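Residue numbers (the working numbering): -11 to 215. Cβ coordinates follow ideal geometry from the N, Cα and C atoms, glycine included. These figures come from a predicted structure and were not determined experimentally.
This is the structure:
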């Protein structure tokens, strides 16, 4: 089975281990092997979720974010190594960044003009006032959610940081494809977001049951013109 969708981690004398084993009660070889086989726990099967994310007309969407979350309870998530969102040619790069909760982000400015990077989003509110080069302290994103970035000097500069509270996530390439590997069997909620969704709208959500195997899933999003 795969994945089915329904919308809705000195000085002491020692004894050789081999000699100790041979000195014990004799057990037939076949029986010993059978006992070990029965007693050895097997690793839970894992699935790879292959996503195709398009708009409603079937056009592939770049920079769509897919988050796979347990249907109940939480799973431990570790911060990633520091991530970089640069400014060059008066643009943020990358425009969409996907990180885990607790990850720090640096904002180097490679332009010849200064920038004033900020976010007023509830997920993370901060300001890096007029600066050139690399700010001294990275910004930690300590809550899950979406943070919209801007520049107080250059209004057309926009970027997004998606902070995930799950270890299973992916961002789509230009062909709309994304892959989430090593997903344990279980029940999940898949959430898919894209910058072209209306501001404040909820990501698309799908209930999934994962068993094992390499599985394909297609998601269509009603996106409009991107900012």
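- For residue 116, the enclosing beta strand (DSSP E) stretches over residues 112 to 119.
- When DSSP reads this structure, residue 130 sits in no beta bridge, so it has no partner.
- Taking the Cα positions, residue 47 is about 22 Å away from residue 85.
- When C-alpha distances from residue 111 are compared across 147, 131, 117, the shortest belongs to 131.
- Segment contact: the stretch 53 to 68 against the stretch 106 to 126, fewer than three CB-CB distances shorter than 8 Å; contact not assigned.
- Annotated three-state conformation of residue 155 is coil, per DSSP.
- Around the beta-carbon of residue 70, fewer than 16 other beta-carbon atoms lie within 10 Å, marking it exposed.
- Here the alpha carbon of residue 93 sits roughly 31 Å from the alpha carbon of residue 195.
- Look at residue 171 here: in three-state DSSP terms it is strand.
- One thing to note: residue 214 has its Cβ within 7 Å of the Cβ of residue 184.
- Taking all protein chains in view, the Cβ of residue 89 is crowded by 16 or more other Cβ atoms within 10 Å, so the residue is classified as buried.
- The Cβ atoms of residue 109 and residue 150 do not sit closer than 7 Å to each other.
- Pairing residue 39 with residue 182 gives a Cβ-Cβ distance that is not under 7 Å.
- Rounded to whole angstroms, residue 95 and residue 74 show a C-alpha spacing of 5 Å.
- Residue 198 is positioned such that its CB atom lies no closer than 7 Å to that of residue 191.
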